[in-house]
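Numbering (the numbering used here), first residue to last: 162 to 580. Every residue, glycine too, gets a C-beta built ideally from N, C-alpha and C. Contents: one structure, followed by commentary.
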Amino acid sequence: MRTSTAAMIRSLALVQHVLFLALVAIGVWRALATGAPLALLVGAVVLLLAWYAVGARRAAAGPGGGPHLSAEGAALRRVGPGGWWFLGLVVAWLLAVAVSPELIWVAFSLWLLAGHLLPFRLGVVLSAVVLAVVVLRPWPGGLSVAEVVGPAVGMVFALALSRGQQQLVRDGLERERLVASLVAAQEETEVLHAELAEVQRSAGVLAERTRLSRDIHDTLAQGFSSILLLARAGAATQDQEAERRLLAQIETSAAEGLDEARRVVGALAPAPLESGLVEALRRIVDRFTEESGVAGEVRVEGDVAALPPVVEVALLRVAQSALANVRQHAHASAVVLTVAEAEDSVRLDVVDDGRGFDPAAVVEDADVSRGGYGLRASRQRLRELGGGLDVESEPGGGTAVSASVPLARTQPRGGVADG
162 MRTSTAAMIR SLALVQHVLF LALVAIGVWR ALATGAPLAL LVGAVVLLLA
212 WYAVGARRAA AGPGGGPHLS AEGAALRRVG PGGWWFLGLV VAWLLAVAVS
262 PELIWVAFSL WLLAGHLLPF RLGVVLSAVV LAVVVLRPWP GGLSVAEVVG
312 PAVGMVFALA LSRGQQQLVR DGLERERLVA SLVAAQEETE VLHAELAEVQ
362 RSAGVLAERT RLSRDIHDTL AQGFSSILLL ARAGAATQDQ EAERRLLAQI
412 ETSAAEGLDE ARRVVGALAP APLESGLVEA LRRIVDRFTE ESGVAGEVRV
462 EGDVAALPPV VEVALLRVAQ SALANVRQHA HASAVVLTVA EAEDSVRLDV
512 VDDGRGFDPA AVVEDADVSR GGYGLRASRQ RLRELGGGLD VESEPGGGTA
562 VSASVPLART QPRGGVADG
């Protein structure tokens, strides 16, 4: 766009130069035909052309010169360098007309330049002066109406043409400015889009890492913990039958852990949920009782057979984490898991009769490297579904872990379980 506007300005300036030289040539030819003094005519024409050439050279060198078409010159509210040059050109033209009236032909170029290089009002006044010189020149046979109206129409046409050319240049420069602004805005938008995509990618990576860390903790880490406890129990017993039973349990836990690891890597739903949440809870409680000797029970209140998969996964992970804590820390003799559905939510309670603890201290001192990740991970998982986790416990008073999830929020999302 900028190149096309500059080319248009150069083309208009070239037409102006060619027109000026053509009119000077016509005036010289007619002056020679009418017997004008050669020496004075040559001197006046050389002066006129030399002065014009000075302005044309300055115009080519940069803004503020002579007869060039620029938006800067059009915006002048006072006589600038180009305006003063134009006044000198008018004086040179008057000297040439004094030598031969036939050089009034150059007046049309002067009117065009007046519209370009002078403020509008001053341009009109100076054009009227040039018109007066043209009209008052000696006319063969006397002055007629046509000899007044013709030059006047030419002056008006030249001024209107020059103003139109200026408007074209201004519009072209304005379009260039708008295009440049649009290009800059587009580039900025592309940069912002790239930054947003990077932020979204980073957020996705972080969310996936968080999900995997929770799943690893709730499945693999708990499985390894179970294997470790069974192995320690086997090392402490001298009964071969008990050892074989513990080895069988270790083998079962290791096989389930391997299967769960494959499912986590493959981003599949956990195997226990294939038959529903309640059956999955009963299986893990039965295995928990077999491995730990702690009596376990699953109770169901309401219809929990058609929960969204994402809710089932979250509650199952909470149950696994809570049972792992009971095994490792509670020293309980019994634990009860209750699944209850209200009108718009579902709740899982895990209650044991163990030695209890101070929930605030555990949360404040949570250390992932020492296993203090379960409650925090469960609370974060439930919070993502709009739910929450409450822990009630005190030293010597047992522990109650209550997880709740609103179904109205999670129902539309059901379909792809994490894990």
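Can you look up residue i in the DSSP assignment and give me helix, strand or coil?
i: T413; result: helix
i: A561; result: strand
i: S261; result: coil
i: E555; result: coil
i: V566; result: strand
i: D400; result: coil
i: T350; result: helix
i: G437; result: coil
i: T195; result: coil
i: G225; result: Bear in mind that the predicted position of G225 carries a pLDDT of just 38, short of 50, making it unreliable; the figure below should be weighed with that in mind. Coil at G225, not helix or strand.
Going by DSSP, name the residue or residues bridged to residue i.
i: G549; result: S565
Pull up the CB-CB distance for residue i and residue j, whole angstroms please, since I reckon it's below 8 Å.
i: D513; j: A495; result: 7 Å
i: V446; j: V459; result: 5 Å
i: L278; j: M316; result: Actually they are not in contact, since the Cβ atoms of L278 and M316 sit about 16 Å apart, beyond 8 Å.
i: G188; j: W266; result: 4 Å
i: V251; j: L210; result: So it is not a contact: roughly 15 Å between Cβ atoms.
i: V465; j: E502; result: 5 Å
i: V260; j: P198; result: 7 Å
i: P520; j: S554; result: 6 Å
i: Q489; j: S414; result: Not really, about 15 Å apart at Cβ, beyond 8 Å.
i: I411; j: A441; result: 22 Å between Cβ atoms; not a contact.
i: G517; j: G457; result: Not quite, the Cβ-Cβ distance comes to about 18 Å (not below 8 Å), so this is no contact.
i: L255; j: V294; result: 7 Å
i: P567; j: S506; result: 5 Å
i: V487; j: L498; result: 10 Å between Cβ atoms; not a contact.
i: L273; j: S323; result: 5 Å
i: T450; j: G515; result: Rounded, the Cβ-Cβ distance is 15 Å, inconsistent with contact.
i: L509; j: L476; result: 5 Å
i: E263; j: R191; result: 4 Å
i: A564; j: S539; result: 7 Å
i: S270; j: L180; result: 6 Å
i: V439; j: V500; result: 6 Å
The ligand GDP and residue i: does any heavy atom of the ligand fall closer than 7 Å to the residue's C-beta?
i: R460; result: The model depicted lacks the ligand GDP and carries no ligand whatsoever.
Quick one: complete alpha helix (DSSP H) runs, 4+ long, within the region 263-303? Counting only runs of 4 or more, we get 268-278 and 281-297.
Along the chain, which unbroken stretches of the alpha helix (DSSP H) at least 4 residues long are found entirely within the region 439-523? Taken in chain order, the complete alpha helix (DSSP H) segments of 4 or more residues contained in the region 439-523 are 470-486.
Counting beta carbon pairs with one atom in the region 356-368 and one in the region 389-407, are three or more of them shorter than 8 Å? Verdict: no, contact absent.
Check whether the region 268-282 touches the region 201-211, taking contact to mean three or more Cβ pairs, one atom from each stretch, closer than 8 Å. With the cut-off at 8 Å, the region 268-282 and the region 201-211 do not touch.
Counting pairs of beta carbons, one from the region 452-468 and one from the region 537-545, are three or more of them closer than 8 Å? With the cut-off at 8 Å, the region 452-468 and the region 537-545 do not touch.
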